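Chemist:
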Amino acid sequence: MRKLIIMLMFLFLSCSVFAEPVNINTANDKEISIALDGVGDKKAKEIVKYREINGAFKSINELSNVKGIGDKTIAKNKKNIKLK
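The numbering used here puts the first residue of the sequence shown at 5, with every later residue one more than the last.
Now the structure itself:
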């Protein structure tokens, strides 16, 4: 049983390490919350809401205008975000 748990942990961790970057201009809230570290359902919905009101993000740093998204969250997710 212990080996199974350890194997499942490695499988889960390896999937998140090799995940594709998420396009914040086209992704839905579920895709965003799965792809970005520190971004749950509520923050992901705020990202989509901001995008719907203001149009496509022109830079990753524009995420700092979204309620609940700060510089630390942006910094740790830069490699996981794409705009096109």
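By construction, the Cβ of each residue, glycine as well, lies at the ideal position given by its N, Cα and C atoms. Here the structure is a predicted model, which means the values were calculated and not measured.
Could you tell me which residues DSSP pairs with ASN27 in its beta bridges?
Modeler: DSSP, once it has assigned bridges, lists LYS86 as partnering ASN27.
Chemist: Along the chain, where does the alpha helix (DSSP H) containing GLU56 start, and where does it finish?
Modeler: Counting along the chain, the alpha helix (DSSP H) containing GLU56 begins and ends at 45-58.
Chemist: Quick check on ARG6: buried or exposed, where buried means 16 or more other Cβ atoms within 10 Å of its Cβ?
Modeler: The residue is exposed, with fewer than 16 neighbouring Cβ atoms inside 10 Å.
Chemist: Our contact map puts ASP41 next to ASN69 with C-beta atoms below 8 Å; I'd like the distance itself, whole angstroms only.
Modeler: 19 Å between Cβ atoms; not a contact.
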